[in-house]
Amino acid sequence: MSKYRFNISDYHAIENADILVDGITVLAGPNGSGKSTISKWLYYMVDVATRFDEYVGKGVNDEFKHSLQILARAIREIWGYRSSRSEILSLAANIDALKKEINVGAAVDEVAKKYNSIVAEFTEQVRPEFLSDDVSALRKVRVINYLNQLIEDSDNIETFDNFETKMFQQTDRMLDDWEKRLSTRSIKDVYSFIEEYLREDDVAPESMQLWEDDVNIISEESLGSLFNIERAIYIDTPMALNAKNLADNVFLQRLHGNMTHSLGRTLDKSKMLLLRIARLLNGKISQIDSLLGETELYYERKDEHLKLPVEKIATGMKTFAYLYQLIKNGYLVDKTILMIDEPEVHLHPQWIVEYARLLVLIHKTLGTKLILASHDPDFIAAIKAIAKREEVLEETNFYISSSEEQECSYRYNFKWLGKDIEPIFESFNIALERIQQYGDTDI
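With positions in the sequence shown counted from 1, the corresponding number in my numbering is that position plus 1174.
Structure, rendered in C-alpha cells:
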C-alpha cells in the first residue's frame, strides 16, 4: 500500500502543515487554523491529478460543441424555411447527435473524426448555395463573417472556396494542442481546472507538495500522476443534501452523484459494514428513478411504516446515509482518500462513538485512507481507542494546530503527535480518563 504526504505552507492561517496520509489522519485544532484548507487543497490536487486527461478532453470537446452550434445557426441563416430538405435535416440531425455524444463524455479523437465529417457534409451542402443567386450577396458575406469565428484570425476566409481546408487545419491544431497538454500536464492547466471545474476562486498556495512513496508529483511547471489513488471524496457537511444546495456546492454535487451512481461493484467485505449501518439507522437507503429520469434517495424504516426522502431525515442520520451509499456503490476502496470536515457535527454523543468506530472499520476493512478534521475530544479519543482495539493504530496519525506567540500570532503550525493525543486534550482542557471507555465498550 502506497504512502502519501502533503505539505502546504505560508498560506492564509497556515504557517506550515506537513501531513502523512497513511491510513487514518486526524487534524485537530481551533476553528480558523486551516484544517479545512489542508483537506480542500489536497482534494483539489488529487482530483486534478487523477482526472487531468478528462478535464483536458472536456475542454476540447466543449470547443467542438461550440463550433457545432455555430454550424447549426449558419444552416438556419442560409436555408431558412428551406431547411426542411432531407439533406439539411440529415445534417442537422448529425450535429445534434454529436452534441449529445459530447455531453456524455465521448472520446476527443472520435469526436474530431465525426466533426470533420460534419464539416465536409456542411461544405457539400453550402457550396451550391454560394454559387446560386438564391442567397443574397449580403447574406453570403454575413455567413462568411459568422463562420470566421471557427477559424483563427490569421486564416480568416473571404469566400467559401477554402472553408473546408481551413476547418480541417483547425481541427488538426486542436488535436495537436490536446496531445501536448496531455503530455505536459502544466501547472497552469491544473489551476485553471481547479477554478473552472471545482469552482475555487481563491489564489493557490505558492508552496505545496504531494508525495507518493517519497516522489513529489507537484513541481513549478507540472503535475505528475498518482499510481495508487483513483479518487478523492471531500465532505464538508451532509446537512444540505437537497437540490437547492447542490447547485451552489461542487462537493455536495459530487457527493450526491456518488450516492446515486453505482460503480457496479459492492465488495463482499463491505456487506458487514452495510449491515452495521442499517442496524444503526433501523432501516436502509433505497434508490428510486423518478418520472423525470432522476435518481432519488429514500430512507425506509425497518418496520416499513416510514419512508422519507433522504434530504428530509435528521442530519445525524444523513451522516450515516452517505457512508452507506458510498460503500454500497463501490467508492470506498483502498484507492480512495475520504476527507471529512468536522465529522462529529450534528451527531448525538453516543452516535459520535458509533461513527468513529464505523470510520475505523472502513479503513481496516476496505483500506480507504481517511483525513478527519475535528475539534471534538470525544470523537478524537474514540478514534484512538477504537483504532488500537482494531489493531490499526500504527496507521493512525494525529496532528494539532498551534499558534506561536510571535509576529504572526494567528498563523498555525500543524504538529505531528504520532499516536499521542494528550496535547489535544490539554488544548481542550479535558481529562484523559474518558479514553479507555471507548475501547472497552462493545458496540
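Ideal placement from N, C-alpha and C gives every residue a C-beta, glycine not left out.
Whole-number beta carbon distance between residue j and residue i, since they are thought to touch under 8 Å
i            : j            : result
residue 1497 : residue 1532 : 7 Å
residue 1558 : residue 1526 : Contact doesn't hold; Cβ gap of about 13 Å is too wide.
residue 1191 : residue 1206 : The pair is not a contact, with the Cβ atoms about 14 Å apart (cut-off 8 Å).
residue 1574 : residue 1597 : 5 Å
residue 1510 : residue 1405 : 5 Å
residue 1457 : residue 1474 : 5 Å
residue 1199 : residue 1545 : 5 Å
residue 1409 : residue 1515 : 7 Å
residue 1285 : residue 1276 : 6 Å
residue 1197 : residue 1569 : 3 Å
residue 1403 : residue 1220 : 6 Å
residue 1216 : residue 1446 : That belief does not hold up - the Cβ atoms of residue 1216 and residue 1446 are roughly 29 Å apart, past 8 Å.
residue 1501 : residue 1448 : 6 Å
residue 1246 : residue 1267 : Between residue 1267 and residue 1246 the Cβ distance is about 11 Å, and since that is not below 8 Å, they are no contact.
residue 1241 : residue 1349 : Going by Cβ atoms, the distance from residue 1241 to residue 1349 rounds to 13 Å, so no, they are not a contact pair.
Counted within 10 angstroms of its Cβ, other Cβ atoms place residue i as buried (16 or more) or exposed
i            : result
residue 1421 : exposed
residue 1517 : buried
residue 1289 : buried
residue 1263 : exposed
residue 1479 : exposed
residue 1223 : buried
residue 1368 : buried
residue 1444 : buried
residue 1208 : buried
residue 1460 : exposed
residue 1377 : exposed
residue 1433 : buried
residue 1431 : exposed
residue 1483 : exposed
residue 1189 : buried
residue 1214 : buried
residue 1218 : buried
residue 1499 : buried
residue 1300 : buried
residue 1279 : exposed
residue 1340 : buried
residue 1364 : buried
residue 1362 : exposed
residue 1358 : exposed
residue 1401 : exposed
residue 1333 : exposed
residue 1352 : buried
residue 1428 : buried
residue 1485 : buried
residue 1552 : buried
residue 1548 : buried
residue 1481 : exposed
Residue i - partner residues in DSSP beta bridges
i            : result
residue 1500 : Paired residues: none, contrary to the question.
residue 1481 : 1474
residue 1397 : 1392
residue 1576 : 1587
Endpoints, the beta strand (DSSP E) within which residue i is located
i            : result
residue 1191 : 1188–1195
residue 1200 : 1198–1202
residue 1517 : Neither: residue 1517 is in no beta strand (DSSP E) and is coded neither H nor E.
residue 1678 : As displayed, the chain neither begins before 1175 nor continues past 1617, which places residue 1678 out of reach and without an answer.
residue 1384 : 1381–1386
residue 1473 : 1469–1475
residue 1183 : 1178–1185
residue 1458 : 1457–1463
residue 1407 : 1405–1409
Residue i - containing alpha helix (DSSP H), residue span
i            : result
residue 1218 : 1209–1253
residue 1169 : Coverage of the chain is limited to positions 1175 through 1617, which leaves residue 1169 absent and any answer about it impossible.
residue 1344 : 1337–1358
residue 1288 : 1282–1305
residue 1363 : 1361–1371
residue 1316 : 1311–1321
residue 1261 : 1260–1277
residue 1598 : 1596–1602
Proximity test, residue i beta-carbon vs the ligand ZN heavy atom, cut-off 7 Å
i            : result
residue 1494 : Within the structure as shown, the ligand ZN is missing, as the structure has no ligands at all.
Contiguous alpha helix (DSSP H) assignments of at least 4 residues, all confined to the segment 1509–1574: 1523–1540 and 1551–1563
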